[in-house]
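Written below as structure tokens is the structure these notes are about.
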Amino acid sequence: MAIMYGDPGNNRLDGTEFEDSIIGAAGHDFLKGYGGNDTLLGEDDNDYLYAGDGDDLLEGGEGRDRLYTGFGNDIAYGGRGNDSLYGDYGDDSLEGGYGSDDLRGGIGNDTLIGDEGNDRLRGNQGEDLIFGGNGNDRLYGGEDNDTLYGEEADDIVNGGDGNDLIYGGDGNDKLYALAGHDTLYGEMGDDSLYGDQGNESLEGGEGYDRLYGRLGNDTLWGQEGDDSLWGNEGDDSLSGGVGSDQLFGGQDNDTLVGELGNDLLHGGDGNDWLDAGEGYDKIYTSFGNDIAYGGLGNDSIYGDLGDDHLYGGDDNDRLYGGIGNDSLHGDAGDDRLSGNQGEDSLLGGAGNDRIYGGEENDILLGEAGLDFLEGGDGDDLLYGGEGRDTLIGGAGADNFVIGQGNVYYNTDGNYDYALIVDFNIADGDQLQLQGEASDYVLRESVTIGSSQGTGVYMDTNNNGIFDNTDELISLVRDTTGLNLNDSYFIYV
2 MAIMYGDPGN NRLDGTEFED SIIGAAGHDF LKGYGGNDTL LGEDDNDYLY
52 AGDGDDLLEG GEGRDRLYTG FGNDIAYGGR GNDSLYGDYG DDSLEGGYGS
102 DDLRGGIGND TLIGDEGNDR LRGNQGEDLI FGGNGNDRLY GGEDNDTLYG
152 EEADDIVNGG DGNDLIYGGD GNDKLYALAG HDTLYGEMGD DSLYGDQGNE
202 SLEGGEGYDR LYGRLGNDTL WGQEGDDSLW GNEGDDSLSG GVGSDQLFGG
252 QDNDTLVGEL GNDLLHGGDG NDWLDAGEGY DKIYTSFGND IAYGGLGNDS
302 IYGDLGDDHL YGGDDNDRLY GGIGNDSLHG DAGDDRLSGN QGEDSLLGGA
352 GNDRIYGGEE NDILLGEAGL DFLEGGDGDD LLYGGEGRDT LIGGAGADNF
402 VIGQGNVYYN TDGNYDYALI VDFNIADGDQ LQLQGEASDY VLRESVTIGS
452 SQGTGVYMDT NNNGIFDNTD ELISLVRDTT GLNLNDSYFI YV
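Here the sequence shown stands for residues 2 to 493, numbered as in the working numbering.
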């Protein structure tokens, strides 16, 4: 074993084929280990250290040093100064120390640690473990399955090839997947995460994060903060987490979940599934046959091209059908439903709802509450359900359902009935009742509020004439001369 010391000048110290200790001291020194497990210490000034063969220990000391490992599993520490450390064959450990350092792994499974300063770290070949440390660092994984930690400050981290695991750490980081199926965690700070070719998993963490899927079937989760998520191509899954988030599905068949906060969801192309969660949310479908749920809060849901299924959920929602044959469900709350184009099915649910059919042959069902139904163009079917409802057929031959399930509309008294505003025999309108004609009686010139017309009553005592015991189930406004046995009355 040889121990070699340099003098205060610029030294060249070459080791042997055995285990050597080479110490450079002051000056610009050149230290080379050759064979054996060597220790090379550059000490002061700008030094060059070459490990050679064996499992070597290299320490640059102060100054701008260059450290080169060789064959074997080597440990290299830059020390103070802006150093350059190069791995080679073997599983090497490179640590920059103080200063803005450049660390490059080699062929083996290397560990790179930037420490202090704005460092540049590249893993190259092998399954590498890379830590940025303090400072605004740049990390590159290389060819295989790497794990990268940005740690402190604002880092740029690129996984490279392979299935990589990437952590941003503190600061406002930019994380990039490349080839392979990568997992990216933004953690603290306002981070930007970018998927690429594989099936990536991107999690923003805390802060206002921006997550971009790309070509594969990606999973994006914003977590805390007001985040923006883009799925782009592939069948992607996007979850906003806590905060008021914006989610854009992109192409293909995506799943978007807003979770907590006032969220904005755009399905994009494909057959998408969208669930806004809690909050006052907006949901936009696009091309494809989509399913959208508003959840809790006063939500607005917009269908587009395709046959969409829209569900308002709790509270007071706005649902708009779009071009296809859509199904709209207001659910709980005082909702507003518009079918627009297509042959639509609209169900108000609980609450006082306003339902508009649109241009073609639609089905409108108010269900519970004091509902307003307007069919629009086309041959529509309107059924108010429970409550005191207003039914307007619009253009076309419309079917007003005022008896279904039970013989009568409801038995809760005269204040529970259907007001039919525009019944028109010439247009081919019909009144649908349950049972047969003998179950009902008609009474003309019935006035309720500002509306006058023919009252349709259930004949509760079966005497064939109106009396005060009979139950009003519908007021057909501005009509006279109706006959229960004519063809515009149909019985089921």
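Even for Gly, the Cβ is constructed at its ideal location relative to N, Cα and C.
Between the CA atoms of residue j and residue i - distance to the nearest angstrom
| i | j | result |
| --- | --- | --- |
| residue 158 | residue 147 | 11 Å |
| residue 415 | residue 228 | Legend: pLDDT at residue 415 = 45, less than 50; position of this residue unreliable, value from coordinates given subsequently. Residue 415 and residue 228: Cα-Cα distance of roughly 53 Å. |
| residue 175 | residue 318 | 38 Å |
| residue 276 | residue 378 | 31 Å |
| residue 102 | residue 299 | 54 Å |
| residue 373 | residue 355 | 5 Å |
| residue 486 | residue 288 | 48 Å |
| residue 324 | residue 238 | 26 Å |
| residue 293 | residue 68 | 59 Å |
| residue 136 | residue 12 | 33 Å |
| residue 471 | residue 376 | 29 Å |
| residue 9 | residue 48 | 13 Å |
| residue 504 | residue 339 | For the chain, the structure presents residues 2 to 493; residue 504 sits outside this window and is missing. |
| residue 16 | residue 4 | 9 Å |
| residue 310 | residue 291 | 6 Å |
| residue 77 | residue 247 | 46 Å |
| residue 183 | residue 166 | 6 Å |
| residue 493 | residue 342 | 29 Å |
| residue 382 | residue 208 | 50 Å |
| residue 409 | residue 395 | Residue confidence for residue 409 is low, a pLDDT of 40 falling below 50, so the modelled location carries little weight; the figure read from the coordinates is stated next. Computed Cα separation, rounded: 24 Å. |
| residue 31 | residue 79 | 15 Å |
| residue 475 | residue 419 | 5 Å |
| residue 34 | residue 52 | 5 Å |
| residue 484 | residue 399 | 18 Å |
| residue 494 | residue 140 | Since the first residue of the chain shown is 2 and the last is 493, residue 494 is not available in this structure. |
| residue 62 | residue 14 | 16 Å |
| residue 1 | residue 86 | The structure shown does not extend to residue 1, since the chain is modelled only from 2 through 493, so no value can be given for it. |
| residue 266 | residue 282 | 8 Å |
| residue 455 | residue 465 | 16 Å |
| residue 100 | residue 212 | 32 Å |
| residue 219 | residue 28 | 54 Å |
| residue 235 | residue 268 | 12 Å |
| residue 195 | residue 255 | 18 Å |
| residue 478 | residue 221 | 55 Å |
| residue 390 | residue 224 | 44 Å |
| residue 481 | residue 436 | 23 Å |
| residue 88 | residue 155 | 25 Å |
| residue 40 | residue 50 | 10 Å |
| residue 333 | residue 447 | 33 Å |
| residue 243 | residue 262 | 6 Å |
| residue 127 | residue 90 | 10 Å |
| residue 308 | residue 366 | 19 Å |
| residue 443 | residue 451 | 19 Å |
CB-CB length for residue i against residue j, believed under 8 Å
| i | j | result |
| --- | --- | --- |
| residue 111 | residue 92 | 6 Å |
| residue 232 | residue 251 | 4 Å |
| residue 60 | residue 36 | Going by Cβ atoms, the distance from residue 60 to residue 36 rounds to 20 Å, so no, they are not a contact pair. |
| residue 329 | residue 306 | Rounded, the Cβ-Cβ distance is 16 Å, inconsistent with contact. |
| residue 432 | residue 489 | 6 Å |
| residue 114 | residue 132 | 5 Å |
| residue 163 | residue 134 | In fact, because the Cβ distance is near 22 Å, the residues do not count as touching under 8 Å. |
| residue 169 | residue 192 | 5 Å |
| residue 56 | residue 74 | 5 Å |
| residue 504 | residue 160 | Past the edges of the chain, shown from 2 to 493, lies residue 504, and the structure says nothing about it. |
Extent of the continuous beta strand (DSSP E) run through residue i
| i | result |
| --- | --- |
| residue 459 | 452 to 459 |
| residue 243 | Unbroken run through residue 243: none, as it is neither H nor E. |
| residue 157 | 157 to 159 |
| residue 1 | This structure leaves residue 1 out entirely; the chain is present only between 2 and 493. |
| residue 193 | 193 to 195 |
| residue 303 | 301 to 303 |
| residue 431 | 431 to 434 |
| residue 5 | 3 to 6 |
| residue 493 | Unbroken run through residue 493: none, as it is neither H nor E. |
| residue 65 | Run containing residue 65: none; DSSP gives neither H nor E here. |
| residue 276 | 274 to 276 |
Residue i beta carbon near the ligand PLP (any heavy atom closer than 7 Å)
| i | result |
| --- | --- |
| residue 315 | No copy of the ligand PLP occurs in the structure displayed, which carries no ligand at all. |
Going residue by residue through the stretch 11 to 42, where are the continuous beta strand (DSSP E) segments of at least 3 residues, counting only ones entirely within it? 13 to 15, 21 to 24, 31 to 33 and 40 to 42
Note down, one range per segment and in chain order, each alpha helix (DSSP H) of at least 4 residues found wholly within the stretch 76 to 152. none
Would the stretch 453 to 461 count as touching the stretch 384 to 395 if we require 3 or more Cβ pairs under 8 Å? no
Just to confirm the assignment: which complete beta strand (DSSP E) runs, minimum length 3, are found wholly within the stretch 305 to 333? 310 to 312, 319 to 321 and 328 to 330
Beta strand (DSSP E) segments (min. 3 residues) lying fully within the stretch 165 to 227: 166 to 168, 175 to 177, 184 to 186, 193 to 195, 202 to 204, 211 to 213 and 220 to 222
Jot down the residue ranges of each uninterrupted alpha helix (DSSP H) in the stretch 335 to 393, minimum 4 residues, whole runs only, in chain order. none
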